[in-house]
Amino acid sequence: MKDYLQEKFEEAAAKLDYLDYSRVVFNIPANPEHGDYSTNIAMISAKSAKKNPRQIAQEIIDSLQLDEKIITKVEIAGPGFINFYFNPASITSVIERVFEQKESFGKSKKYSGKKAILEFVSANPTGPLTVGHGRNAVIGDTLSNMLEWSGYEVDREYYFNNAGRQMRVLGDSLRLRYLQLFDENIVFPEDYYQGEYLIDIAKSVQKKYGDGLKAESAEGKFKEIAEKEIFSDIERTLDRIQIKFKNFYNEQTLYEDGKIQAVLDEFKSRNLSYQQDNATWLKLTEMGQEVDKVIIKSTGEPTYRLPDIAYHRTKFDRGYDLIIDLFGSDHAATYPDVLASIKALGYDLDKIKVLIHQFVTILEKGEVVKMSTRKANFITLDELIDEVGADVVRYFFIMRNISSHLNFDIDIAKKQSDENPVFYLQYAHARICSILRMVVEQDLKISTENLELLVHPAEQNLLKMLHQFEEEVLSSAESFEPQRISNYLEELAAKFHKFYTDCRIMGTEKLLAEARIALAEATKIVLKNGLTILGLSAPEKM
RNA sequence: GCGCCAGUAGCUCAAUGGAUAGAGCAACGGCCUUCUAAGCCGUAGGUUAGAGGUUCGAGUCCUCUCUGGCGUACCA
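The opening residue of the first sequence carries number 78 in my numbering; numbering runs sequentially from there.
Structure representation (C-alpha cells):
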C-alpha cells in the first residue's frame, strides 16, 4: 500500500519543483475517517512554495496518476492533509505475497551485503548473570535478529575483561572458599565475592583435587578455574533463552597479540599521552573531553580504558559496516572516552552506534531490591527463567523502550504470568493452528481465488496490519527499537482476535469461508515471523 | 555541583512534530448448545510533573524549575 503511494509521489515530484520527495512521509491516521494513509507534505511545503497548503495539496493530487482500482478516494482535509482511501479488494493482495514469501515475509534486502557487529552482555566472569544482564542480553539478541531481517550479516560478540584486579580478587575469593573447606577459621574478607556459587565451585575443586591445591596461588589455578566454571554457567543461562554468541573476545588476547602495546605506542607517537605521578595519562582534554584519564596506573597495570580502546579498534579494523555497542546506563560514562580515543587514532565514528539501556528495578514484596554481584544479594537471570519461563523473560525485557527504566515486579511476574501479553500473542497463533486443523476435517481448503470477498471491517483491519509488517520490521531495526516489534505484534494479535470473534468460518458460505481461511493462514505466518524475530516460541496448542 | 536517562489514567506502559493522547492490569457490567473465553464488547478513569518558548500544529523540539534512576576512580 505504502509502496504504491511512494512510487506515485516520486513520479509527481519530478513534475512539481517544490515537491521534495525526500520529505514525503505517509502515516496511518489514528482516526479511520481520515483514510488509510495520509501525508502532511502540502503543509511542510507551504513555506518554501509560498502558497496556501490546501492549494498545494490540490496541485499534488492533480499531478498524481492514481489507479482507481487501487485508490478509490483522495481528499484534502483540515489545514492541508491529503488522505488516501484504498480499494478494499486491492488490499487483499498482501495474502498472496505472504504465501509466496512464507517464513521470509518481512525480510528486507535493504542492507544485504553489509556486515554488522553487535557487542552485548559483556559481563565479566565474576558471577552468574543478573536480571540486569538479562535485559541487555535479550535486547542485544533481538536487535541482532532485527538487523538480520533487514539484510545485515550480524556477528554477536561478547567481550570480557579477564586480566586485572577484579579477576585477581575473584581467584583469591575461590582460594579462600577452598581453604575454608579444610579450616573453618579462615577469614573471608567483606569486599570479596560473597556469592554461594564460589562455595559450590570450591567444593567441586575439592572433589577433583582433594587438598592438592592448598599451596596454589590465587592468580594461577584458582583464577583459571573460577573463570572457566562461571563462564560455562553463563553460557548455559544464555542458551536457555536462545542466545548464542559467535565470538567471546577476551581482554587477555589483546595483550598476547600486542594490540595493547600498539595502541600505547601510537598514543605516544601522536603525543596523546604523558607521564605524571608515575602513571601514564591519556590527553582526553585534547580530544574534546572534560578531563585527562589514567591508562596505566602507577602499579604498571593498565586501567580498563586501555584494553577497551584496543578492543574497539579491532572492530573497526575488522571491516564492519555497522558497529553496535549495547550496555547498561552504569557504563554510560565510559564510552565517550573510548570513542574520542578511537577518533584520535584516525577512525571514522559514523559506523559506530552506542546504545544505552536503562536499569531494571526489581521489586519484591513491594520493595526495591538493591543488587550487587559483589554482595551477592542479586536475583540471577537463571532464577528468573525458572520462575516465569524463557518466553516471558525475553518478552518482558524488550517490551519497553530501552531508554526507560524497567520495573520488574517478581511477585506479579510469578502470580500473573498467565496474563502476560506474550500469551496473548501465542494464543492468537495457537487459535489459528486450531482453525487450520478444523479446516482439514471440514473438507475446506485455503483459497486465494475469492479474496475480494474480504470486505468486513475486521477483515480489512487485519489485512492492513499484515501490510505494515515489512516496514515495521525495517524501521524498528533502523531506529534500534525492539519494543516496536512487540507493540506491532500485540496490535496484530488484537486485530486477529477481533476477526476471529466477528468473522466465523464454519457456517459461512464456502467461498467466503475459504478466503477467510487464507487470511487466517497469512496471519499465522506473520505472527510466527514476528515471534521468531523476538526469539519466542509459536505454540500450535495452548 | 556537573553529565546522561526518565516523569503520560490508581498501577505498568504506547503514541516517525499531526487531526478527538491510546492499550494492558486493577474496578464495574455484558457475551460460550457452533472453529481454543489465555478471547470479544461496554462503563469509568487525563491540566501528558510545572512554567515559559519555537510553529499552521507540541506528550514529542528548545530554556528553566521540581522529582526519581544511573554515572561522575590510578574499580570494571
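Just so you know, even glycine gets a beta-carbon here, dropped at the ideal spot from N, CA and C.
Treat the numbers as computed from the prediction; the structure is a model and nothing was measured.
Which residues DSSP lists as bridging residue i, in chain order
i      : result
THR357 : GLN352, ILE373
GLU152 : ASN160
GLY405 : HIS434
LEU440 : VAL445, ASP486
THR457 : THR207
ASN104 : SER115
DSSP three-state assignment for residue i, whether helix, strand or coil
i      : result
ASN324 : strand
ASN213 : helix
ARG639 : As displayed, the chain neither begins before 78 nor continues past 619, which places residue 639 out of reach and without an answer.
ASP79  : In the sequence under discussion, the amino acid at residue 79 is Lys, which differs from the Asp named in the question. LYS79 falls in the helix class under three-state DSSP.
ASN484 : strand
ALA193 : strand
VAL264 : coil
GLU306 : helix
LEU608 : helix
ASP113 : coil
LEU399 : strand
TYR235 : strand
THR330 : helix
PHE557 : coil
ILE562 : helix
ILE429 : strand
PHE299 : helix
GLU230 : strand
THR207 : strand
ASN222 : helix
GLU87  : helix
ALA240 : coil
GLN366 : coil
ASN538 : helix
LEU258 : coil
GLN132 : helix
PRO498 : helix
LYS618 : coil
SER524 : coil
ARG347 : coil
ILE594 : helix
LEU93  : coil
VAL198 : coil
ILE313 : Note that residue 313 corresponds to Arg in the displayed sequence, not to Ile. The answer is helix: DSSP assigns ARG313 an H, G or I state.
LEU551 : helix
VAL532 : coil
ILE582 : coil
GLY287 : coil
MET476 : coil
GLN391 : The identity of residue 391 in the sequence shown is Thr, whereas the question assumes Gln. In this structure, THR391 counts as helix in the three-state DSSP scheme.
Neighbourhood of residue i by C-beta, 8 Å cutoff - its chain only, sequence neighbours within 5 removed
i      : result
GLN503 : ASP468, LEU608, LEU613, SER614, ALA615, PRO616, MET619
ARG390 : LYS336, VAL340, ILE419, LEU422, TYR424
GLY365 : ALA417
GLN537 : PRO165, ILE168, LEU531
LEU566 : LEU502, LEU604, GLY607, LEU608, LEU611
LYS601 : HIS506, ILE509, CYS510, LEU513
LEU93  : GLU136, ILE137, SER140
Beta-carbon proximity list for residue i, same chain, < 6 Å, skipping 5 on both sides
i      : result
VAL446 : ILE439
VAL371 : ALA356, TRP358, THR380
GLU363 : none
Supposed contact pair residue j and residue i - C-beta distance, whole angstroms, cut 8 Å
i      : j      : result
LEU399 : LYS179 : About 28 Å; that fails the 8 Å criterion.
GLN560 : ARG477 : 6 Å
GLY204 : ILE307 : 6 Å
PHE436 : HIS482 : 6 Å
ILE216 : HIS434 : 6 Å
SER199 : PHE404 : 7 Å
LEU432 : ASP402 : 7 Å
Cβ shell of residue i (< 7 Å), same chain only, five flanking positions each side left out
i      : result
SER221 : LEU195, VAL231, ARG233
GLU34  : Absent from the structure is residue 34, since the part of the chain shown begins at 78 and ends at 619.
PHE573 : ALA505, LEU539, THR600
LEU251 : LEU275, ILE278, ALA279, PHE299, ILE302, ALA303
Heavy atom of the ligand NAD within 7 Å of residue i beta-carbon
i      : result
THR600 : In terms of ligand content, the structure shown is empty, and the ligand NAD therefore cannot be addressed.
Problem - At least 3 beta-carbon pairs within less than 8 Å: the region 310-325 vs the region 203-213 - result: yes
Problem - Given 8 Å, three or more beta-carbon pairs between the region 252-267 and the region 279-299 - result: yes
Handout entry: Given 8 Å, three or more beta-carbon pairs between the region 531-551 and the region 181-189
Key = Short answer: they touch.
Handout entry: the region 267-275 in contact with the region 234-254 per 3-pair CB rule at 8 Å
Key = yes
Handout entry: Cβ contact (3+ pairs, closer than 8 Å) linking the region 520-529 and the region 578-596
Key = yes
Exercise for the section: Indicate whether the contact test is met: 3 or more Cβ pairs, each with one atom in the region 111-125 and one in the region 141-160, closer than 8 Å. Expected result: yes
Problem - Segment contact, 8 Å Cβ cut-off, at least three pairs: the region 459-474 with the region 570-584 - result: Judged by pairs of C-beta atoms under 8 Å, the region 459-474 does not touch the region 570-584, as fewer than three such pairs exist.
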